[in-house]
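Chemist: Shown below is the structure under consideration.
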Amino acid sequence: MTAESSNETDAVEESRNYERGTPIVTATDLTRAFGEVTVLEDVAIDVDPGAVTALVGPNGSGKTTLLRILAGLLEPDDGTVRVRAPDDRPLGYLPQEPTFRGRFTVGETVDFYADLLSSPADRDEVLERVGLDVVADRRVDALSGGMVRLLGLAVAVLGDPPLVVLDEPASGLDPKIRAHVFDAIGELADGDTAVLLATHHLTGAELADRVVVLDRGRVVGDGAPEDVLATTGTDSLEDAFLELVSEGLTVQAGTEGSE
Amino acid sequence: MSRTSRLLAVVDREVATVLRTRSYVVLAVGYVAIVLGLVLVGGESGYVPLTVDLLTPVELLVPPLATAFGYRAVLADTEGKEIEALRTYPLSRLTYVLGVYLGRLAALLTVVVAPLLVAALIVPGTGGQGSGVVASHETAGSIFLFLRFVVLSAVFATVVLAAAVAVSTVARTGRTALALAVVLVIVLVIGADLGVVAALGGGLVGDEGLAYLLAMSPNSAFRGLVLGTVVSVVQSETVRAGSAVANLFGLGLWLVGSLAVAVVTVWPTVGEGSWQVVEDRHDQGPD
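Protein sequence lines correspond, in order, to chains A and B.
Note that our numbering gives residue 305 to position 34 of the first sequence, counting from 1, and the numbers run on in steps of one.
Note that our numbering gives residue 235 to position 250 of the second sequence, counting from 1, and the numbers run on in steps of one.
In structure tokens, the structure reads:
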């Protein structure tokens, strides 16, 4: 399938042939504009429990906007999101550039969030899961950017929410930590958590159970990685990505994150 | 965890933030030094004269101090997007704002009240007529009158901090917050009084309405309450204190109004028509 294909929608539907459970998130007809620029248009997406769903797309394609809408942080102009989860902590969220108060230690930061939960959470277990247990006593302002992102991941998964939404969880990380992050994400999904992440790293997306390709605010590809490759007739997700998205720099049209 | 424990978690975090931030400590030390310096230099021999001496400094110093403590309070979370992680936790806007406010307030009140209490202890030691803890001169007053001043100063700081926290929720950048904070201090310290003078000069308000107009400014209301409940008790012939009820109402309005603005603006709500949790998948823990 190419971006010019007139049967694009059919191809998207056809690619959804992997095994799926009852969605934890069902979103329909999501539309969102910032001023004159429409960032999302009639997007429908569902997210399955126990699976990693990777949202990929060029800069400005609407990934962050879609994640924020699905996480209940941003109101769409049109459309609905239904989340099948406990009401007190339905989901965890990792912003694209997480920040925390610099004068607190890693442990204190996690303790603070744990105190907000309805049920006790195991701080040490969460820190170990993301690989920050050895720096629990280090102040946040002494952490590297990658470590802050790992702390954001810890805060996102604290309390074991059934849905975890991660915006570029591997951005800015070295390959070793990136692999560690994707391992941790895989373990989450193995534990029946639904993971929805946006990523530029197609290498990481290959490890996902499902890939949703977003371009100019529309879903242009959706399926298991091998299905996306099959429907695009390509050998790698990078080639599939280039096949599916429009030509040109879509960042010029996007206003993602600039509300 | 209950709503109260979540509130206390936010309060603890704010208190720790203030204690660990050098600029707040420097401001606090500066305020304490100025107040105690004025007490020592003034060498007053009675509690009411001490109150009169400290009234204007407190009226001028508390607004910038309270504003400094509050104008970035919520912005610390919103500017860096930490607020988006917070919003996914079972934490209401009211609990979060109150927690931030009360945490900052605990630190601020300690700074505002401590030097005044020290001053109350210094006065008897300075000797002279009327310096006793119990009034011995008709214009000296007792320590209980001075404690009224201390309480009113705390109330004044409480109100100004609420306005500063509202600034921190309305502003989306540090620069905007700083600009709004400066405007707030100018309005409180100078602007409101100038507005009253202009209203009087322009004939917009008469003598009968002046007390109510003054009550709308936290500084004027604080001043009026101090004059009416502390100074006028021993110097009633020289004091125009306005209406105590109106002054209290004015301060209450600023307090409640500011906190209401902060709660409403701290983060936008998403309508249930757009986003909704429809079903539990697991047993919930007790709230």
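We put the CB at the ideal spot given by N, CA and C, even for glycine.
Is DSSP giving Asp461 of chain A helix, strand or coil here?
Modeler: If DSSP states are grouped into helix, strand and coil, Asp461 of chain A belongs with the helices.
Chemist: Kindly indicate if chain A contains any beta-carbon less than 7 Å away from that of Glu361 of chain B.
Modeler: A question about residue 361 of chain B goes unanswered here, because the residues of chain B that appear run from -14 up to 272.
Chemist: For the alpha helix (DSSP H) that Thr470 of chain A lies in, which residues bound it at each end?
Modeler: No alpha helix (DSSP H) holds Thr470 of chain A; DSSP gives it neither H nor E.
Chemist: Interface residues of chain A around Gly65 of chain B at Cβ under 7 Å?
Modeler: What Gly65 of chain B touches in chain A: Thr370.
Chemist: Report the start-end ranges of each alpha helix (DSSP H) in the stretch 49 to 85 of chain B that is 4 residues or longer and not cut off at the edges.
Modeler: List check, alpha helix (DSSP H) in window: 60 to 63 and 67 to 71.
Chemist: Looking at the structure shown, is Ile295 of chain A part of a helix, part of a strand, or coil, going by DSSP?
Modeler: Looking at Ile295 of chain A - three-state DSSP - the assignment turns out to be coil, as it is neither helix nor strand.
Chemist: Report yes if the CB atom of Leu311 of chain A is closer than 7 Å to the CB atom of Leu365 of chain A, and no otherwise.
Modeler: No, the pair does not count as a contact, with Cβ atoms beyond the cut-off.
Chemist: Using a Cβ cut-off of 9 Å, pull out every chain B residue sitting near Val310 of chain A, in sequence order please.
Modeler: What Val310 of chain A touches in chain B: nothing, since even the nearest Cβ is about 15 Å away.
Chemist: Between A:Pro294, A:Leu388 and A:Val428, which has its C-alpha nearest Ala322 of chain A's C-alpha?
Modeler: When only C-alpha atoms are compared, the closest one is A:Pro294.
Chemist: Mind the definition here: the stretch 461 to 475 of chain A touches the stretch 316 to 331 of chain A only if three or more C-beta pairs lie below 8 Å; say whether that holds.
Modeler: Yes, the stretch 461 to 475 of chain A is in contact with the stretch 316 to 331 of chain A.
Chemist: Take the Cβ of Ala18 of chain B as the centre, count every other Cβ of all protein chains shown within 10 Å, and call the residue buried at 16 or more, exposed below.
Modeler: With fewer than 16 Cβ atoms within 10 Å of its Cβ, Ala18 of chain B is classed as exposed.
Chemist: Report the residue from A:Arg355, A:Glu497 and A:Thr299 whose alpha carbon sits nearest the alpha carbon of Leu473 of chain A.
Modeler: Checking every option, the nearest Cα to that of Leu473 of chain A belongs to A:Glu497.
Chemist: Is the CB-CB distance between Ala13 of chain B and Asp386 of chain A below 7 Å?
Modeler: Going by C-beta atoms, Ala13 of chain B is not nearer than 7 Å to Asp386 of chain A.
Chemist: Does the beta carbon of Arg353 of chain A sit closer than 7 Å to a beta carbon anywhere in chain B?
Modeler: Closer than 7 Å to some Cβ of chain B, the Cβ of Arg353 of chain A qualifies, so yes.
Chemist: Would you call the stretch 137 to 148 of chain B in contact with the stretch 36 to 48 of chain B, where contact means no fewer than 3 C-beta pairs closer than 8 Å?
Modeler: The answer is yes - the stretch 36 to 48 of chain B touches the stretch 137 to 148 of chain B, with three or more Cβ pairs under 8 Å.
Chemist: Can you list, in chain order, the residues of its chain with a C-beta nearer than 8 Å to that of Asp480 of chain A? Leave out the 5 residues immediately preceding and following it.
Modeler: So the list reads Tyr289, Asp319, Ala322, Val323, Thr324, Ala460 and Ala495, once near-sequence residues are dropped.
Chemist: Are the C-beta of Gly113 of chain B and some C-beta of chain A separated by less than 7 Å?
Modeler: Note that Gly113 of chain B scores 46 on pLDDT, short of 50, meaning its location in the model is unreliable and no value can be drawn from it.
Chemist: Measuring alpha carbon to alpha carbon, tell me which of A:Val406, A:Ala407 and A:Arg355 ends up nearest Thr297 of chain A.
Modeler: Ranking A:Val406, A:Ala407 and A:Arg355 by Cα distance to Thr297 of chain A puts A:Arg355 first.
Chemist: Based on DSSP bridge pairs, tell me the residues matched to Leu485 of chain A.
Modeler: The partner list for Leu485 of chain A (beta bridge, DSSP) reads A:Val490.
Chemist: Would you say Gly333 of chain A reaches chain B, if we count a Cβ-Cβ gap shorter than 7 Å as a contact?
Modeler: It does not: the Cβ of Gly333 of chain A has no partner Cβ on chain B nearer than 7 Å.
Chemist: So the candidates are A:Arg449, A:Asp463, A:Phe512 and A:Gly378; which of them puts its Cα closest to the Cα of Val397 of chain A?
Modeler: Minimum Cα distance to Val397 of chain A is reached at A:Gly378.
Chemist: Mind checking Asp412 of chain A: buried by the 16 CB within 10 Å criterion, or exposed?
Modeler: Exposed.
Chemist: Where do the N-terminal and C-terminal ends of the beta strand (DSSP E) with Asp438 of chain A fall, by residue?
Modeler: Looking at the DSSP string, the run of the beta strand (DSSP E) that includes Asp438 of chain A is Leu434 to Asp438.
Chemist: Quick check: Ala58 of chain B and Arg89 of chain B, are their CB atoms within less than 7 Å of each other?
Modeler: In this structure, Arg89 of chain B lies closer than 7 Å to Ala58 of chain B by Cβ.
Chemist: Please list, in chain order, the residues of the stretch 234 to 263 of chain B that have any C-beta partner in chain A closer than 9 Å.
Modeler: Correct list: Trp252, Pro253, Thr254, Val255, Gly256, Gly258, Ser259, Trp260, Gln261, Val262 and Val263.
Chemist: Quick one, which of A:Leu338, A:Asp359, A:Gly492 and A:Gly363 has its alpha-carbon nearest Val221 of chain A's?
Modeler: This structure does not reach residue 221 of chain A, given that chain A is present from 272 up to 530, and the question cannot be answered.
Chemist: Between the stretch 423 to 442 of chain A and the stretch 393 to 410 of chain A, are three or more C-beta pairs nearer than 8 Å?
Modeler: Counting Cβ pairs under 8 Å, three or more are found: they touch.
Chemist: Starting from the Cα of Leu79 of chain B, find the closest Cα among B:Leu(-8), B:Val216, B:Thr214 and B:Gly242 and give me that residue.
Modeler: When only C-alpha atoms are compared, the closest one is B:Leu(-8).
Chemist: Cutting at 6 Å between CB atoms, please list the residues of its own chain near Thr2 of chain B, excluding the five before and the five after it.
Modeler: Excluding residues within five positions, none has a Cβ falling inside 6 Å.
Chemist: Which word fits Lys66 of chain B, buried or exposed, when buried means at least 16 other C-beta atoms lie within 10 angstroms of its C-beta?
Modeler: Counting Cβ neighbours within 10 Å, Lys66 of chain B comes out buried, since at least 16 surround it.
Chemist: Could you name the residues of the stretch 394 to 427 of chain A whose beta carbon sits closer than 8 Å to any beta carbon of chain B, in the order they occur along the chain?
Modeler: Cβ contacts with chain B come from Gly423, Val426 and Ala427.
Chemist: Pull up the distance between the alpha-carbon of Val11 of chain B and that of Pro100 of chain B, whole angstroms please.
Modeler: Cα to Cα, the separation comes out at about 15 Å.
Chemist: Identify the contact partners of Arg280 of chain B in chain A, using a Cβ-Cβ distance below 7 Å as the criterion.
Modeler: Nothing about residue 280 of chain B can be read from this structure; chain B reaches only from -14 to 272.
Chemist: Would you give the residue range spanned by the beta strand (DSSP E) that Ile19 of chain B belongs to?
Modeler: Where Ile19 of chain B is concerned, there is no enclosing beta strand (DSSP E), although the alpha helix (DSSP H) it sits in stretches over Arg7 to Gly27.
Chemist: Spell out a yes or no on whether the stretch 157 to 176 of chain B and the stretch 243 to 259 of chain B are touching, meaning 3 or more CB-CB pairs, one atom from each, closer than 8 Å.
Modeler: No, the stretch 157 to 176 of chain B is not in contact with the stretch 243 to 259 of chain B.
Chemist: Are the C-beta of Ala392 of chain A and some C-beta of chain B separated by less than 7 Å?
Modeler: It does not; no Cβ of chain B falls within 7 Å.
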